[in-house]
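This report concerns only the one structure given below.
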Amino acid sequence: MKQTLRLEELFMLALGIFFFQQLDYSWWWFIALFLAPDIGMIGYAWNTRVGAITYNIFHHKGIAIAVYLLGFFTQVQALQMAGAILFAHASFDRMLGYG
146 MKQTLRLEEL FMLALGIFFF QQLDYSWWWF IALFLAPDIG MIGYAWNTRV GAITYNIFHH
206 KGIAIAVYLL GFFTQVQALQ MAGAILFAHA SFDRMLGYG
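Heads up: the sequence shown begins at 146 in our numbering, then just goes up one per residue.
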């Protein structure tokens with residue numbers, strides 16, 4: 146079961162990369178911003194409860210999808226990029242067993 150979940154996350158990571166690839170951004174944007182969602186870990190400087198909340202906000206796939214769709218429907222590619230990277234990053238973390 147654990148391997149199946151990791152395989153699912155790998156496919157979702159590939160899906161996030163695919164959606165990013167559809168945009169007019171250079172690949173260095175993806176590489177540069179891929180670890181940006183980990184800024185949510187700064188909440189752990191306050192305490193574990195705040196840290197868990199901020200980390201989960203930055204790693205929630207529903208939020209990533211909502212950001213991407215908002216960008217899609219408003220034709221704002223920067224939002225689409227942010228959503229695709231958030232989605233890919235969350236999938237990557239879960240594939241590794243985090244989150």
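Just so it is clear, CB atoms sit at the ideal spot from N, CA and C, and this is done for glycine as well.
- By the criterion of a C-beta distance shorter than 7 Å, Ala209 is surrounded in its chain by Gly228, Leu231, Phe232, Ala235, once the five residues flanking it on both sides are discounted.
- Between Asp238 and His205, the CB-CB gap reaches or exceeds 9 Å.
- Less than 9 Å separates the beta-carbon of Phe165 from that of Met226.
- DSSP places Phe203 in the uninterrupted alpha helix (DSSP H) bounded by 193–203.
- Per DSSP, reduced to three states, the secondary structure at Val221 is coil, with no helix or strand assignment.
- Take the alpha-carbon of Gln222 and the one of Leu168: they are about 7 Å apart.
- Tyr243 and Leu215 have their C-alpha atoms spaced approximately 27 Å apart.
- Under the three-state reduction of DSSP output, Asp169 falls in the coil class, being neither helix nor strand.
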